[in-house]
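In this note's numbering, the protein residues as written are 11 to 141.
Structure representation (structure tokens):
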């Protein structure tokens, strides 16, 4: 899948949860409010990873943020892991593989190091191969 296809795929997933989507130029890629079911997307910055991340906030009904760059929150960590695994499963379903992990990160916008750790720990047990 191409980046644009993935973006449209996740927008539909969020819409199907009942969220009102608005495309707004802003400094954030995506902002989602699980109380009002509003989702704002910056069309020039959005990535498949950022949408998948916020989809997981919606699915988990996350409603608490400790501060703006809250990277240690369990909600943020869970959303990152969920987004990476969701994107990796789509990657595999579309004939992606470990050998093109760099391309996976480029297309999806997933953070390389965290994705490597998450994918390796989840899938290495199945494939018994070094990435």
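C-beta: ideal position from N, C-alpha, C; glycine also.
Asked: If you draw a straight line from the C-alpha of residue 52 to the C-alpha of residue 127, how long is it?; Found: 28 angstroms
Asked: Measure the Cβ-Cβ separation of residue 42 and residue 64 and say whether it is below 7 angstroms.; Found: yes
Asked: Out of curiosity, what's the CA-to-CA distance linking residue 25 and residue 105?; Found: 27 angstroms
Asked: How about residue 34 and residue 49: do their beta carbons lie closer than 7 angstroms?; Found: no
Asked: List the whole-angstrom C-beta distance separating residue 17 from residue 56, where the pair is believed to meet the contact cut-off of C-beta under 8 angstroms.; Found: 6 angstroms
Asked: So the beta strand (DSSP E) residue 43 belongs to, where does it begin and stop?; Found: 40-43
Asked: Distance, Cα to Cα, residue 116 vs residue 38?; Found: 19 angstroms
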